[in-house]
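Read through the structure below, which is laid out as structure tokens, and then see the notes.
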Amino acid sequence: MLIAPSEDQAIFAETTERFLVEQAPPDTLRHLRDDQAGFDRDYWRRGAELGWTSLLVDESHGGGTISGAGVVDLSLVAYEFGHHAAPGPLLATNVVAAALSEAGAAQADVLAALLSGECVATWCAPRFGERPGEWRTDVAVESDGDGVVLRGTARPVEYAAQADHFLVSGRDGDGLTQLLVPASAAGVSVEAMATVDLSRRFGAVTFDGVSIAAEGLVGARGQAAPDAERLMRYALSILNAEAVGCMQSAFDMTVEWSFNRYSFGRPLASYQALKHRFADMMTWLEGGHAISDVACAAVQANADNADELTSAAKAFIGHYGAELIHDCVQLHGGIGVTFEHDLHLYLRRLTVNRSLAGTPPEHLRRIAGLLDVRNEVAA
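Using my numbering, the first residue of the sequence shown is number -14, and each one after it goes up by one.
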């Protein structure tokens, strides 16, 4: 990922990689296809001890970073997750932990459990609206005395059936309200959804008149649109870095294959037609690294163009990442489409990441909307 990581960042990334090599090898991922949870709780607790869950949380709330740039540090973990198609609620837990920390350690006991890996939380996220700053969601927040009532269904929600808590971004009049909802609350139900990823799980979460006291609010009621924007930036940074990790693994695997596989007495890599395809893939891969890094840095700095860059990265990586891995499958030939080969692990992960938090066409429209708003302001 980073062109020049610091010594501490390099050690952090190497530690994560060694852990994933040991704990999440390809054969383990294949067996997870039939595992209801998709990951092992002890594995996740051990990952939390390495610092996977604390990077977006303020030190005063028990968190901490490696370099002082938590988003960038987290992108290193996300890259390794993609590089190994690793299981676990990395995005879900970090987004919720960030929301609780930024709200002044709302629900401090839950935040502490997230940091330790003892519990899992996930985000029932809103979707982009027609214009920047507008959000769409199928969950409504209604007043109920001193508290609120939730009605509606959120989908897809990552690790919904495995979560102990849901951070819900619901429509509240003309604004958004965010609440932390226990999975055990009366009126909450989860229906599993199908996914091509072997270890990632999704579900549809229905809130049928779920009553939540005022203490469950995360931030000010009806004022959560800027908070959702910030959380979406974090989510996109994680998805982009993870997708680049998938691209890198698929590319490396295919280059090695092309040098070891012979046709008519020559390695496949020696054929000019394939060299051109590898050149294209290398261009896409390096572009993915660059735009993901730049977007992460912009999110970390809270730059004015952070939304444009994260959407540009999501659109570029979603499109060219898919092109790259499909080319890798084709270059492998028949073995590339077998379950026994590792290549499909990265294709599955990138395919899911491509559709989460907006597809490439949706992010291109979002960029156009952001530019329109900027031109209106300038005029």
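Glycine included, every Cβ here is placed at the ideal spot set by N, Cα and C.
From a predicted model like this one, the values you see are computed outputs, not experimental measurements.
Beta-carbon proximity check, residue i vs residue j, cutoff 7 Å
i                 : j                 : result
tryptophan 120    : glycine 114       : yes
aspartate 157     : glycine 137       : no
valine 181        : aspartate 149     : no
leucine 152       : leucine 135       : no
leucine 330       : leucine 76        : no
glutamate 241     : phenylalanine 66  : no
phenylalanine 192 : proline 141       : no
isoleucine 368    : alanine 235       : There is no way to answer for residue 368, as the model of the chain reaches only from -14 to 364.
tyrosine 219      : valine 62         : no
aspartate 357     : proline 11        : no
proline 252       : phenylalanine 244 : yes
valine 173        : valine 195        : yes
glutamate 64      : glycine 303       : A small fix is needed here, since residue 64 is tyrosine in this sequence, not glutamate. Against a cut-off of 7 Å, the Cβ pair of glycine 303 and tyrosine 64 comes out as no contact.
glycine 102       : alanine 33        : yes
proline 72        : serine 222        : no
alanine 199       : aspartate 131     : yes
alanine 110       : valine 190        : no
methionine 266    : aspartate 312     : yes
leucine 332       : leucine 224       : no
From the options, residue whose alpha carbon lies closest to that of residue i
i              : options                          : result
valine 126     : Gly32, Ala145, Tyr144 and Ser154 : Ser154
glutamine 233  : Asp25, His69 and Ile(-4)         : His69
glycine 23     : Pro74, Ala(-11) and Ser(-9)      : Pro74
arginine 112   : Gln257, Leu335 and Ala213        : Ala213
proline -10    : Phe244, Gly53, Phe324 and Gly354 : Gly53
glycine 201    : Asn225, Ala300, Ser277 and Gln92 : Gln92
glycine 55     : Lys260, Leu41 and Asp20          : Leu41
methionine 238 : Ala177, Thr336 and His317        : His317
alanine 177    : Ala275, Asp20, Glu2 and Ala291   : Asp20
tryptophan 29  : Gly47, Phe4, Gly48 and Thr50     : Phe4
isoleucine -4  : Ile51, Arg18 and Val314          : Ile51
arginine 359   : Ala9, Asp292 and Leu161          : Asp292
Local conformation of residue i per DSSP, three classes
i                 : result
leucine 40        : coil
leucine 183       : coil
serine 154        : strand
glutamine 21      : coil
alanine -2        : helix
leucine 165       : strand
tyrosine 219      : helix
glycine 343       : coil
serine 174        : strand
arginine 121      : strand
alanine 90        : coil
alanine 189       : strand
aspartate 265     : helix
alanine 70        : coil
phenylalanine 301 : helix
proline 252       : strand
alanine 209       : coil
glutamate 103     : coil
isoleucine 310    : helix
phenylalanine 4   : helix
serine 296        : helix
glutamate -8      : helix
tyrosine 64       : helix
glycine 53        : coil
arginine 140      : strand
phenylalanine 244 : helix
aspartate 367     : It is not possible to answer for residue 367, since the shown part of the chain is limited to -14 through 364.
Distance between beta carbons of residue j and residue i, contact taken as under 8 Å
i            : j            : result
tyrosine 305 : glycine 343  : With a Cβ gap of about 16 Å, tyrosine 305 and glycine 343 do not count as contacting.
alanine 210  : glycine 118  : 6 Å
serine 45    : leucine 100  : About 13 Å separates the two Cβ atoms, so there is no contact after all.
glutamine -6 : aspartate 58 : 7 Å
alanine 363  : leucine 335  : About 37 Å; that fails the 8 Å criterion.
arginine 216 : alanine 83   : What sits at residue 216 in the sequence shown is leucine, not arginine. About 7 Å separates the two Cβ atoms, so the contact holds.
alanine 300  : proline 345  : 4 Å
threonine 1  : leucine 35   : 6 Å
Any non-hydrogen atom of the ligand FAD closer than 6 Å to residue i Cβ
i             : result
aspartate 212 : With respect to small molecules bound, the structure shown includes none, and the ligand FAD cannot be examined in it.
Quiz item: Between the stretch 276 to 284 and the stretch 194 to 213, are three or more C-beta pairs nearer than 8 Å?
Solution: With a cut-off of 8 Å, the stretch 194 to 213 and the stretch 276 to 284 do not count as touching, because too few Cβ pairs lie within range.
Quiz item: Can we say the stretch 290 to 300 touches the stretch 339 to 354, given the rule of at least three CB pairs closer than 8 Å?
Solution: When C-beta atoms of the stretch 290 to 300 are compared with those of the stretch 339 to 354, three or more pairs fall below 8 Å, so the two segments count as touching.
Exercise. May I ask you to verify whether the stretch 84 to 93 touches the stretch 237 to 254, counting CB pairs closer than 8 Å and requiring at least 3?
Key: Flag = no, the stretch 84 to 93 and the stretch 237 to 254 do not touch.
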